[in-house]
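Below is one structure; the comments refer to it alone.
Numbering (this note's numbering), first residue to last: 184 to 532.
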């Protein structure tokens, strides 16, 4: 029965996005190419309106009690979804997006859905007071929501990476018998798959901010829920690609004297797609595979902490993540410099 529900959600998501393609131009939901784009044509956008609405309808239809019991959490997701829709129609500032996400986290707090614990480190539980938990949660969720939004730069990438992350949260839901985590994860995977059929390269439609912001926030919410069962350090690995990409890009911009929020073409996917001779499918496969590897490491870390009680694991895992950041920064910065040199040589010749 559950499999049939997921199949129905996938199909409904597909046709709702298909309907948006038909009316996107009339609704002014289109993506016009700019200097950072990988496409040359005007492409319908705002597919998130279709598949995120499908998510809400599915939750209310198939899991009504769960939907009502966590009403504030779903209202928070809806607020982020709304600002995404507005941004798809008329571009809004990053500040306004952050304000809305902060408001959404405040609404979530009425369901006690905040990051109260930073985990146990050598026998000491790092527990935050309510106001500290609220502030930390606001910045943490806003940061990751924006991180997933930033990797939505080539066909299918954000969807594919999200599916990998959500699959691991679904595994957590099964392992710890958490029906809420399992349901949100699997329902979100189903709606993304319905969209991905139409977003796979060459894309017929883009998800837009209504999709990427909502997905980022949903995954952030799942991460908060999972902290009931796992050490926070594991989350860094479960969602490593968006986090590493954002950290690398922000550090690189700051070092060049630019705003960390200024848009450019220095994201990991911009560099990797050039390495693969502009082959989008290979790029998506490569980065999704990297996320599978990182998520698997995260799963092994939480298994080591929970089942073997090793006190050294969290510190080593944190140091490992920092080391990965440094290595990725060096590798992708080097690749970018090499690509710039080749571009100059090609232009001069």
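The C-beta atom is built at its ideal place from N, Cα and C for all residues, glycine as well.
- For residue 409, the enclosing alpha helix (DSSP H) covers residues 391-409.
- Around the beta carbon of residue 441, fewer than 16 other beta carbons sit within 10 angstroms, so the residue counts as exposed.
- It is roughly 7 Å from the alpha-carbon of residue 305 to the alpha-carbon of residue 495.
- Excluding the 5 residues flanking it on each side, residue 430 has same chain C-beta neighbours closer than 7 Å at 508, in chain order.
- Taken through DSSP and simplified to helix, strand or coil, residue 275 comes out as coil.
- Under the rule that a run must span 3 or more residues, the beta strand (DSSP E) segments found entirely inside the segment 299-331 read 300-304, 307-310.
- Listed in chain order, the non-local C-beta contacts of residue 189 below 7 Å within the same chain comprise 369, 373, local neighbours out to five positions each way being set aside.
- In the three-state scheme derived from DSSP, where H, G and I count as helix and E and B as strand, residue 486 is classed as helix.
- Between the segment 471-482 and the segment 349-366, the count of Cβ pairs shorter than 8 Å is three or higher; the stretches touch.
- Taking C-beta separations shorter than 6 Å and ignoring five residues to either side along the sequence, the partners of residue 325 in its chain run 281, 284, following chain order.
- Of the candidates 444, 446, 451, the residue whose Cα lies closest to the Cα of residue 423 is 451.
- When secondary structure is reduced to three states using DSSP, residue 446 falls in the coil class, being assigned neither helix nor strand.
- Taking a cut-off of 8 Å on C-beta distances, the segment 313-328 touches the segment 395-402, as three or more cross pairs fall below it.
- For residue 415, the secondary structure class from DSSP, reduced to helix, strand or coil, is helix.
- Check the Cα spacing between residue 193 and each of 437, 375, 386, 228: the tightest is with 375.
- For the pair of segments examined, the segment 407-414 was found to touch the segment 354-368: the number of CB pairs separated by less than 8 Å reaches three.
- Bridge pairing for residue 213: 227 [DSSP].
- In this chain, the alpha helix (DSSP H) harbouring residue 373 covers 362-382.
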